[in-house]
Structure formats: structure tokens, C-alpha cells
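Using our numbering, the letters of the sequence shown map in sequence onto residues 24 to 123.
We treat Cβ as the ideally placed atom computed from N, Cα and C, and that holds for glycine.
Following: one structure in C-alpha cells, then a few remarks.
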Amino acid sequence: MANIAEGTARIVEELIPEGDFDEKVRQLLFSEIRRRLTTFEMIDRRMRQKYGMNLEEFEARQIVKERGFSFEVESDYHEWDQAIDAIQALRENLRKLTAK
């Protein structure tokens with residue numbers, strides 16, 4: 024596995040003084056994954072409110088086509104789709120991280 028620079032290790036020790044180094048890194052990863060997950064969940068929530076449906080319904084009803092392939096709707100669709108993919112990947116990473 025990769026070596027950690029001494030300065031980086033010192034910062035980790037200052038941020039999280041208790042536990043072994045692996046546990047400290049896990050705590051940092053957990054916090055970062057939760058932060059990113061919150062960001063993508065906010066995108067999902069915003070799109071659900073805007074369109075009054077979830078992404079699955081949005082796709083099934085072909086809303087992009089229904090709304091004339093407008094730039095806004097297509098952009099929303101891509102942002103929403105990426106957010107849902109990220110949510111799934113981040114939740115899987117959290118599961119792996121906490122399974123230990």
C-alpha cells in the first residue's frame with residue numbers, strides 16, 4: 024500500500040487523536056463520503072420537487088421528449104442521472120467501509 028507523508032500523518036493525528044491509523048483514515052473517509060452523499064441527495068431531492076416524480080418515472084414518461092428536448096430539461100436529466108449513480112456508488116462504499 025502507499026506510504027503516507029509524515030506531514031499528512033501528523034495532520035491526521037491532530038484531527039483524530041484516538042485509535043489506530045486505519046481507523047482514523049476510515050473516519051475521514053466516512054465523513055467525506057457522507058458529505059458527498061448529502062450533496063447528491065440534495066440534487067435528487069431538488070429534481071424530485073421540480074418534476075414531481077423520481078428519476079425512474081421521469082425516464083419512463085420520457086419527460087425530455089415530452090418537453091421538446093429543451094436544454095434545461097436535458098441538463099437536469101444528465102445531472103439527476105449522475106447524482107443517482109453517485110448515490111448508489113457512495114452508499115456501496117459506506118457499506119464496505121462500515122462492514123470492516
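Would residue i pass as a contact of residue j if the rule is Cβ separation under 7 Å?
i: Leu60; j: Ile107; result: no
i: Ile110; j: Phe63; result: yes
i: Leu120; j: Leu52; result: yes
i: Leu113; j: Ile66; result: no
i: Ile34; j: Gln50; result: no
i: Val87; j: Glu97; result: yes
i: Trp103; j: Met70; result: yes
What residue range does the alpha helix (DSSP H) around residue i cover?
i: Gln111; result: 94–122
Could you give the DSSP three-state label for residue i: helix, strand or coil?
i: Glu90; result: Checking the sequence shown, residue 90 turns out to be Arg, not Glu. Here Arg90 sits in coil by DSSP.
i: Glu41; result: coil
i: Arg84; result: coil
i: Met65; result: helix
i: Ala32; result: helix
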